[in-house]
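J.:
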Amino acid sequence: MQLESMYQDIILDHYRNPHHKGLRDPFDAEVHHVNPVCGDEVTLRVTLKDVGGEAVVEDVSYDSLGCSISQASASVMSDLVIGKPVGEAMTISQAFLELMQSKGEGRQVEPDEDVLEDAVAFAGVSKYPARIKCALLGWMAWKDATARAMEGTQ
Amino acid sequence: MSAYPEHLDVGAVRADFPALARTVRNDKPLVYLDSGATSQKPVQVLDAERSCYELHNGAAHRGTHLLGEEATDVYEGARAKVAAFLGADAGEVVFTKNATEAINLVAYALSGAGRLQVRPGDEILITEMEHHANLVPWQQLCERTGATLRWLTVTPEGRLDLDHLDGMITGRTRIVAVTHQSNVTGTIPPVAEIARAAHEKGALVLADAAQSVPHQPVDVTALGVDFLAFSAHKMLGPYGIGVLFGRAELLEAMPPFLTGGSMIEVVRMEGSTFLPPPQRFEPGVPAVAQAAGLAAAIDYLNALGMGNVAAHEESLTAHALDGLREINGVRILGPDTTKDRGGAVSFEVEGVHPHDVGQVLDELGIAVRTGHHCAWPLHRALGVQASTRASFYVYNTHDEVDALADGIRYAQRFFGAG
Numbered sequence: 003m004q005l006e007s008m009y010q011d012i013i014l015d016h017y018r019n020p021h022h023k024g025l026r027d028p029f030d031a032e033v034h035h036v037n038p039v040c041g042d043e044v045t046l047r048v049t050l051k052d053v054g055g056e057a058v059v060e061d062v063s064y065d066s067l068g069c070s071i072s073q074a075s076a077s078v079m080s081d082l083v084i085g086k087p088v089g090e091a092m093t094i095s096q097a098f099l100e101l102m103q104s105k106g107e108g109r110q111v112e113p114d115e116d117v118l119e120d121a122v123a124f125a126g127v128s129k130y131p132a133r134i135k136c137a138l139l140g141w142m143a144w145k146d147a148t149a150r151a152m153e154g155t156q
Numbered sequence: 084m085s086a087y088p089e090h091l092d093v094g095a096v097r098a099d100f101p102a103l104a105r106t107v108r109n110d111k112p113l114v115y116l117d118s119g120a121t122s123q124k125p126v127q128v129l130d131a132e133r134s135c136y137e138l139h140n141g142a143a144h145r146g147t148h149l150l151g152e153e154a155t156d157v158y159e160g161a162r163a164k165v166a167a168f169l170g171a172d173a174g175e176v177v178f179t180k181n182a183t184e185a186i187n188l189v190a191y192a193l194s195g196a197g198r199l200q201v202r203p204g205d206e207i208l209i210t211e212m213e214h215h216a217n218l219v220p221w222q223q224l225c226e227r228t229g230a231t232l233r234w235l236t237v238t239p240e241g242r243l244d245l246d247h248l249d250g251m252i253t254g255r256t257r258i259v260a261v262t263h264q265s266n267v268t269g270t271i272p273p274v275a276e277i278a279r280a281a282h283e284k285g286a287l288v289l290a291d292a293a294q295s296v297p298h299q300p301v302d303v304t305a306l307g308v309d310f311l312a313f314s315a316h317k318m319l320g321p322y323g324i325g326v327l328f329g330r331a332e333l334l335e336a337m338p339p340f341l342t343g344g345s346m347i348e349v350v351r352m353e354g355s356t357f358l359p360p361p362q363r364f365e366p367g368v369p370a371v372a373q374a375a376g377l378a379a380a381i382d383y384l385n386a387l388g389m390g391n392v393a394a395h396e397e398s399l400t401a402h403a404l405d406g407l408r409e410i411n412g413v414r415i416l417g418p419d420t421t422k423d424r425g426g427a428v429s430f431e432v433e434g435v436h437p438h439d440v441g442q443v444l445d446e447l448g449i450a451v452r453t454g455h456h457c458a459w460p461l462h463r464a465l466g467v468q469a470s471t472r473a474s475f476y477v478y479n480t481h482d483e484v485d486a487l488a489d490g491i492r493y494a495q496r497f498f499g500a501g
C-alpha cells in the first residue's frame with residue numbers, strides 16, 4: 003500500500019494539530035481561495051513588518067475547511083514562512099510548487115530538506131494529480147495575500 | 084444466498100465491459116462505483132462506434148455519395164431509436180453534445196426572439212437540488228433577460244419541499260426546471276406532479292434526466308414534461324453526444340442556439356433562414372459514430388430491460404444503505420430508504436474529509452466521487468461542505484457494496500476516526 007507514503011506521520015500530525023490556525027488581527031491583507039473541484043476553502047491573512055528596509059512575514063493566520071492534505075499543507079506553510087523575509091519565503095514557495103509538479107518521479111534532484119523542511123513530506127502527494135491542488139491551496143493563498151500586502155505597503 | 088434479490092445476470096453483464104477486467108492501484112481489481120459521473124462502456128457500444136468509422140464514415144446530411152447516405156441512415160436510425168426509448172417522435176429528438184448543452188440550448192432559445200421569449204418580470208423556477216448544469220444556465224438566462232430566479236428548497240431528508248409549490252409557481256413563471264433524479268442524494272422528485280402544477284399556470288417544464296434515463300424507464304408523455312435532457316456517456320454510451328427532447332410545437336417556436344452549416348435553409352449576405360427542428364439545432368457535421376454508440380447502448384439497456392435495471396440498482400442501493408447505516412460515524416445524505424430514490428448514495432464520514440475517504444478507497448481499487456459533485460447549493464442546504472458518493476449501475480455486485488463498507492471502515496481506522 004502506498005497510503006503511508008502519501009499520508010506521512012508529519013502530514014497527519016499537522017492535520018490533527020494545525021499550527022498558527024485561526025484568524026488574527028491586525029493584518030495587512032486577507033484573501034479567500036477555494037478549490038472549485040471539491041469546495042475546499044481557506045481564508046488567509048498576512049501581516050508584514052519592515053526590518054531594516056526589508057519586508058518580513060510577521061504573521062500568517064488562516065481559517066480553512068478541507069482535507070488532511072490541504073490542512074496540513076497550510077500548517078507547514080505557515081511554519082515555514084513566518085519570520086522569513088518575503089523574498090526568501092517566495093523562494094520556498096517556488097521550491098514547494100516545483101516539488102508538487104514533479105509527479106513523484108523523473109525529478110532531477112531530491113527535494114531540498116534545508117529549504118522545505120517538513121514540506122518534503124508532501125513529495126508523495128505529487129504522484130496524485132487530483133491532490134496537488136489540495137497541497138497548494140494554502141500556499142497560493144499566502145502568495146496572493148502577500149502580493150496584496152506588498153502593494154499596500156508601497 | 085444474498086438477502087437481496089437478483090434481477091440481472093450480472094456475471095454475464097460484466098463480461099461485456101473490458102474496463103471491469105483490469106486492475107488498478109496495488110494490482111487490485113477495479114470496483115467501479117462512479118457511474119453517476121460516467122458509466123463504463125460495453126463492447127457492443129465500442130463495436131458500434133468502430134464499425135461506423137470503418138464502414139460508414141461519411142458526413143451525414145450532405146453529399147451524394149454512398150458513405151454519406153449510410154452515415155445519414157445510421158444517424159437518423161439512432162434518432163428514431165432514442166425517440167422510441169423515450170416515447171417521443173423522432174422530430175422531437177435533438178442531438179447535442181451532452182445534457183449540459185441541451186439545457187443551455189433551451190435557456191438560450193428562451194432569451195431569443197419569438198413567442199417563448201422570457202422578459203423582465205418573468206420568473207424561472209428551479210430547485211436547490213440541481214446539478215450546476217441545471218442551475219447556472221437559468222441564472223444566466225435571468226441575467227440576460229431581467230427575469231427573476233426562484234427555487235424550491237430541500238428538506239433535511241433531502242426531499243424537495245413541495246409544501247409551497249402552488250405559491251412558487253405563479254402566473255409569471257415561464258419555465259420550471261427540475262432534476263428527475265438527484266446526482267447526490269438519488270432523490271427522485273415527483274416530476275409528473277410538478278409538471279401538472281406548472282402547466283396549470285401556463286409554465287413550461289424541463290426535466291434534467293441525466294441521472295434518470297440511464298437508470299429507470301422514462302416516458303416523456305407519462306412524465307408530462309416539455310423538455311428533457313440527458314447524456315449518452317452516463318448510460319453506457321460514448322462521450323460527446325447527448326439528447327434534448329422537446330415537444331414539437333415548442334421546438335418549432337424556438338430560435339436556433341448554435342448556428343452555422345447544416346442548420347440553415349437559405350443563406351444570403353443580408354441574412355439567413357433556418358431548417359425546421361431538429362436540424363435547426365444541430366449545426367456542423369453530425370456526430371454519427373457517437374449516435375451509433377448511443378443507439379447500441381439503448382439496445383443493450385433494452386435487452387436487459389429498464390425495469391430490471393432499476394430493480395437491480397434498487398437492490399444494490401438497499402444493501403448500501405443497510406451497510407453504511409451500520410457504520411458508526413457515517414451519515415447518509417438524503418433519503419435512507421429506496422422509496423423514490425435511485426442508486427446514488429452520498430455520505431459523510433465523521434472526522435475524515437471526503438478527499439481522504441476517496442484516496443483510501445482508491446488505494447483499495449474502489450472508485451468513488453468526492454467533493455460537491457457539481458451540486459454546491461445542495462451540499463450547503465444539507466449542511467455539509469463536501470461528501471463521498473458511491474453510484475451504482477448494471478455491472479455492480481453486492482460484493483462490491485460490501486467492499487465499499489469495508490473500505491470506509493479501513494479509512495476510519497487509518498485516520499483514527501470512528
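As they're listed, the protein sequences go chains A and V.
All residue numbers for the first sequence refer to the numbering used here, where the first residue is 3 and numbers rise by one.
All residue numbers for the second sequence refer to the numbering used here, where the first residue is 84 and numbers rise by one.
Ideal Cβ positions, reconstructed from N, Cα and C, are used throughout, including at glycine.
1) Can you confirm whether the stretch 141-158 of chain V touches the stretch 296-314 of chain V when touching is taken to mean that 3 or more C-beta pairs between the two stretches lie within less than 8 Å?
2) Quick check: what's the CA-CA separation for R145(V) versus R363(V)?
3) Quick one: which chain A residues come within Cβ less than 8 Å of G454(V)?
4) So D42(A) is in the beta strand (DSSP E); what residue range does that whole segment cover?
5) Could you tell me whether the Cβ atoms of S122(V) and T268(V) are closer together than 8 Å?
6) So the beta strand (DSSP E) T453(V) belongs to, where does it begin and stop?
7) Do we get a CB-CB distance below 8 Å when we pair V477(V) with the residues of chain A?
8) Could you check whether R472(V) and V440(V) sit closer than 8 Å to each other, using their CB atoms as the reference points?
9) Label A104(V) either buried or exposed according to how many other C-beta atoms from any shown protein chain fall within 10 Å of its C-beta, with 16 as the threshold for buried.
10) May I ask which residues mark the beginning and end of the alpha helix (DSSP H) holding L81(V)?
11) Any contact between the stretch 109-127 of chain A and the stretch 10-23 of chain A? By contact I mean 3 or more CB pairs, one from each, below 8 Å.
12) Specify whether the stretch 127-139 of chain A and the stretch 29-43 of chain A touch according to this definition: at least 3 beta carbon pairs, one from each stretch, less than 8 Å apart.
13) Is there a C-beta anywhere in chain V that falls below 8 Å from the one on G24(A)?
14) Could you pull out every residue in the same chain whose Cβ sits closer than 6 Å to the Cβ of G220(V), ignoring the five residues on either side in sequence?
15) What are the start and end residues of each continuous alpha helix (DSSP H) run of 4 or more residues lying completely inside the stretch 168-229 of chain V, in chain order?
16) Do we get a CB-CB distance below 8 Å when we pair H509(V) with the residues of chain A?
17) For E32(A), does the three-state DSSP call read helix, strand or coil?
18) Do you know whose CA, among P360(V), P101(V) and H455(V), lies nearest R162(V)'s CA?
19) By Cβ distance, which residues of its chain are closer than 6 Å to G195(V), with the 5 residues on each side in sequence left out?
20) Find the nearest neighbour of L208(V) within the set D130(V), A120(V) and A230(V), judged by alpha-carbon distance.
21) Do we get a CB-CB distance below 8 Å when we pair E240(V) with the residues of chain A?
22) Beta-carbon within less than 8 Å of D81(A)'s beta-carbon, same chain only, minus the 5 sequence neighbours each way: which residues are those?
23) So with CB distances below 8 Å, who are the chain A contacts of V443(V)?
24) Just verifying my parser: in three-state terms, what is the DSSP assignment at N37(A)?
25) Give me the Cα-Cα distance between L287(V) and C135(V), rounded to the nearest whole angstrom.
26) Out of curiosity, what's the CA-to-CA distance linking E397(V) and R496(V)?
27) Within its chain, find whatever has a CB closer than 6 Å to the CB of I415(V); leave out the 5 residues flanking it on each side and keep chain order.
28) Excluding five sequence neighbours on each side, which residues of the same chain lie with their C-beta closer than 8 Å to the C-beta of L50(A)?
29) Are any of the Cβ atoms in chain V nearer than 8 Å to that of G108(A)?
30) Measure the alpha-carbon distance for Q127(V) versus L387(V) and round it to whole angstroms.
31) At a Cβ threshold of 8 Å, is G68(A) touching chain V?
32) For G254(V), collect the residues of the same chain with a Cβ closer than 8 Å to its Cβ; drop the 5 residues on either side in sequence, then sort them by chain order.
33) Taking just the CA atoms, how far does H438(V) sit from I71(A)?
34) Once the 5 residues before and after L334(V) are set aside, which same chain residues still bring their CB inside 6 Å of it?
35) In this structure, how does DSSP classify V413(V) when only helix, strand and coil are distinguished?
36) Which residue marks the beginning of the beta strand (DSSP E) containing T400(V), and which one marks its end?
T.: Reading from the atomic positions:
1) Contact between the stretch 296-314 of chain V and the stretch 141-158 of chain V is absent, with fewer than three C-beta pairs closer than 8 Å.
2) Rounded to whole angstroms, R145(V) to R363(V) spans 15 Å at the Cα level.
3) V39, C40 and G41, listed in chain order.
4) Counted as a single uninterrupted DSSP element, the beta strand (DSSP E) harbouring D42(A) occupies residues D42 to V53.
5) Cβ distance not < 8 Å, so S122(V) and T268(V) don't count as in contact.
6) R452 to G454 is the extent of the beta strand (DSSP E) around T453(V).
7) No, because no Cβ of chain A sits closer than 8 Å to the Cβ of V477(V).
8) Their beta carbons are not under 8 Å apart, which means V440(V) does not touch R472(V) by this criterion.
9) Sixteen is the threshold: since fewer than 16 other Cβ atoms of the shown chains lie within 10 Å of the Cβ of A104(V), the residue is exposed.
10) Because chain V spans 84 through 501 in this model, residue 81(V) falls outside it and cannot be assessed.
11) Yes: the two stretches touch, three or more of their Cβ pairs being nearer than 8 Å.
12) Contact between the stretch 127-139 of chain A and the stretch 29-43 of chain A is established, with three or more Cβ pairs separated by less than 8 Å.
13) Residue-level contact check: G24(A) does not touch chain V, since none of the beta carbons of chain V fall below 8 Å from its beta carbon.
14) The question names Gly, yet the displayed sequence has Pro at residue 220(V). Excluding positions up to five away in sequence, the list reads I186, N187 and A190.
15) Complete alpha helix (DSSP H) runs here, min 4: 182-192 and 219-228.
16) The structure shown does not extend to residue 509(V), since chain V spans only 84 to 501, so no value can be given for it.
17) The answer is strand: DSSP assigns E32(A) an E or B state.
18) Of P360(V), P101(V) and H455(V), the residue nearest in Cα terms is P360(V).
19) Cβ-Cβ distances below 6 Å link G195(V) to P338 in the same chain, with the five nearest sequence neighbours on each side left out; the list follows chain order.
20) Answer by Cα proximity: A230(V).
21) Not an interface residue.
22) Excluding positions up to five away in sequence, the list reads H21, H22, E119 and D120.
23) Per Cβ cutoff of 8 Å: L5.
24) DSSP places N37(A) within a strand segment (E or B) once states are collapsed to three.
25) Rounded to whole angstroms, L287(V) to C135(V) spans 37 Å at the Cα level.
26) Taking the straight line from one Cα to the other gives about 30 Å.
27) Correct list, in chain order: L407 and F430.
28) So the qualifying residues of the chain are D30, A57, V58, V59, E60, V88, T148, A151, M152 and T155.
29) Confidence in G108(A) is poor, its pLDDT being 45 and thus under 50, which makes the residue's placement unreliable; the coordinate value appears in the next sentence. Answer no: the Cβ-Cβ gap between G108(A) and chain V never drops below 8 Å.
30) When only Cα atoms are considered, Q127(V) and L387(V) end up about 13 Å apart.
31) Interface residue (Cβ-Cβ distance to chain V less than 8 Å): G68(A) is classified as such.
32) For G254(V), the CB contacts under 8 Å within the same chain, skipping 5 residues up- and downstream, are K284 and G285 in chain order.
33) Their Cα atoms are separated by approximately 9 Å.
34) Cβ contact annotation for L334(V) (same chain, cutoff 6 Å, sequence separation greater than five): P360, in chain order.
35) In this structure, V413(V) counts as strand in the three-state DSSP scheme.
36) Where T400(V) is concerned, there is no enclosing beta strand (DSSP E), although the alpha helix (DSSP H) it sits in stretches over M389 to R408.
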